[in-house]
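For the sequence shown, position 151 matches number 151 in my numbering, and the numbering has no gaps at all. Each residue gets a CB set at the ideal place from its N, CA and C atoms; glycine is no exception.
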Amino acid sequence: MAVPYEATGRRAQKNRTRTALVEAARTLLADGVAPTVEAAAAAAGISRTTAYRYFANQRALVAAAHPEIDRTSLLPADAPQDPAARLDVLMAAFTRLTLDWEPQLRASLRLSLEPIRDGEQPVLRQGRAIGWIEEALSPLHASRPDIDVHRLAVAIRSATGIEALIWLTDIAGLPRPEAADLLCRTAQALLAAAVQDRPTERPGP
1 MAVPYEATGR RAQKNRTRTA LVEAARTLLA DGVAPTVEAA AAAAGISRTT AYRYFANQRA
61 LVAAAHPEID RTSLLPADAP QDPAARLDVL MAAFTRLTLD WEPQLRASLR LSLEPIRDGE
121 QPVLRQGRAI GWIEEALSPL HASRPDIDVH RLAVAIRSAT GIEALIWLTD IAGLPRPEAA
181 DLLCRTAQAL LAAAVQDRPT ERPGP
């Protein structure tokens with residue numbers, strides 16, 4: 001199996017070089033530029049030949065520039081126990097992250113729509129936000145065991161992530177603060193609909 005270039009010899013220096021390329025790509029993204037490997041190399045003061053040893057193409061570079069949020073939770077230690085209140089706290093943090101990383105998320109989404117060649121990894125990460133939402137809804141496991149919490153979390157994520165933000169701002173023309181507020185309201189509406197949808201009682205024998 002091939003060994004990645006940065007894993008061979010002088011690792012500390014190679015880690016610094018890779019970090020410089022990733023930070024340059026993130027800066028370009030924040031400026032509204034879809035970074036090529038050449039552009040990131042130029043911005044970081046690194047030769048093109050060296051840059052291509054770390055990132056074979058734009059897709060690999062943008063994937064590395066995608067926000068790496070290793071937190072398993074977006075809830076504070078003193079999070080409330082009420083599901084709606086927990087979801088409010090979670091969505092405020094999730095929406096803030098989406099806005100903060102919007103350029104990187106837009107680039108990742110665009111590249112994720114392109115065909116994946118053999119051996120390439122998807123640009124968008126899978127399931128992280130769903131786990132955060134599931135944690136916020138976790139009290140429902142005890143209070144409403146009839147609700148499929150995972151399915152509800154998937155529904156909320158589908159209507160409140162970067163894809164929904166892009167539609168609200170680019171298509172509907174909403175200002176970002178108003179779009180962010182609508183994302184939070186949508187999450188609460190989906191939760192309220194799930195809670196109000198009481199399970200149908202089966203008739204007795």
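Worksheet item: When the Cα atoms are used, what is the spatial distance from Thr17 to Ile46?
Response: Walking along the sequence shown from the start, residue 17 turns up at place 17. Walking along the sequence shown from the start, residue 46 turns up at place 46. Approximately 8 Å, taken between the alpha carbons.
Fill in: Close Cβ partners of Pro139 (< 6 Å) along its chain, the five nearest in sequence each way excluded
The residue given as residue 139 occupies position 139 in the sequence shown. Hits under 6 Å: Gln81, Pro83.
Practice prompt. Just confirm the distance between the C-beta atoms of Ala159 and Thr169, as a whole number of angstroms; I'd bet it's less than 8 Å.
Written response: The count along the sequence shown starts at 1 and reaches residue 159 at position 159. The count along the sequence shown starts at 1 and reaches residue 169 at position 169. Contact flag wrong, Cβ pair sits at about 15 Å.
Discussion item. Here's the rule: buried if 16 or more other CB atoms are within 10 angstroms of the residue's CB, otherwise exposed. What is Ser143?
Written reply: The residue given as residue 143 occupies position 143 in the sequence shown. Classification of Ser143: exposed, given that the 10 Å Cβ count is below 16.
Worksheet item: If you draw a straight line from the alpha carbon of Asn57 to that of Thr36, how long is it in whole angstroms?
Response: Indexing the sequence shown from 1 puts residue 57 at position 57. Indexing the sequence shown from 1 puts residue 36 at position 36. Spanning the two alpha carbons is a distance of roughly 8 Å.
Worksheet item: Looking at the unbroken alpha helix (DSSP H) that takes in Ala194, where does it start and where does it end?
Response: The sequence position of residue 194 within the sequence shown is 194, counting from 1. Taken as a continuous stretch (DSSP letters only), the alpha helix (DSSP H) holding Ala194 covers 176–196.
Worksheet entry | Neighbourhood of Ala153 by C-beta distance below 7 Å, restricted to the same chain and skipping five residues each side | Within the sequence shown, numbered from 1, the residue matching residue 153 stands at position 153. Ile130, Ile133, Glu134, Leu137, listed in sequence order.
Discussion item. Mapping the DSSP letters down to three states, classify Leu21 as helix, strand or coil.
Written reply: Residue mapping note: residue 21 aligns to position 21 of the sequence shown, counting from 1. Note: Leu21 maps to helix in three-state DSSP.
Discussion item. Going by DSSP, what residue range makes up the alpha helix (DSSP H) through Glu134?
Written reply: Here residue 134 corresponds to residue number 134 of the sequence shown, with the count starting at 1. Start and end: 128–137.
Discussion item. Check whether chain C comes within 9 Å of Ile46, counting only Cβ atoms and requiring the distance to be less than that.
Written reply: No chain C appears in the structure shown, which is made up of a single protein chain.
Worksheet item: So, Leu182 versus Leu87, is the Cβ gap smaller than 9 Å?
Response: Working through the sequence shown from its first residue, we reach residue 182 at position 182. Working through the sequence shown from its first residue, we reach residue 87 at position 87. No. Outside cutoff.
Worksheet item: Whose C-beta lies closer than 8 Å to the C-beta of His150 among residues of the same chain, with five residues either side of it excluded?
Response: Start at 1 with the first residue of the sequence shown, and residue 150 comes out as number 150. If we look at His150 and ignore the five residues flanking it on each side, its Cβ neighbours are Ile130, Glu134.
Practice prompt. Out of Arg11, Arg59, Tyr54, Phe55, state which residue places its alpha-carbon closest to the alpha-carbon of Ala34.
Written response: Position 34 of the sequence shown, counted from the first residue, corresponds to residue 34. Among Arg11, Arg59, Tyr54, Phe55, the Cα nearest to that of Ala34 belongs to Arg59.
Discussion item. Can you look up Ala56 in the DSSP assignment and give me helix, strand or coil?
Written reply: Indexing the sequence shown from 1 puts residue 56 at position 56. Looking at Ala56 - three-state DSSP - the assignment turns out to be coil, as it is neither helix nor strand.
Practice prompt. Drop a sphere of 10 angstroms on the beta-carbon of Ser108, count the other beta-carbons inside from all chains shown, and report buried for 16 or more, exposed for fewer.
Written response: Position 108 of the sequence shown, counted from the start, is the residue given in the question as residue 108. Buried, since its Cβ has 16 or more Cβ neighbours within 10 Å.
Fill in: Extent of the continuous alpha helix (DSSP H) run through Ala77
As a working mapping, residue 77 is identified with position 77 in the sequence shown. Premise fails: Ala77 is in no alpha helix (DSSP H) and is neither H nor E.
Worksheet item: Using the C-alpha atoms, what's the distance from Ala24 back to Arg10?
Response: Looking up residue 10 in the sequence shown gives position 10. Looking up residue 24 in the sequence shown gives position 24. Rounded to whole angstroms, Arg10 to Ala24 spans 21 Å at the Cα level.
Worksheet item: Where does Asp146 sit, in a helix, a strand or coil, going by DSSP?
Response: For the purposes of this step, residue 146 is taken as residue 146 along the sequence shown, with counting starting at 1. Looking at Asp146 - three-state DSSP - the assignment turns out to be coil, as it is neither helix nor strand.
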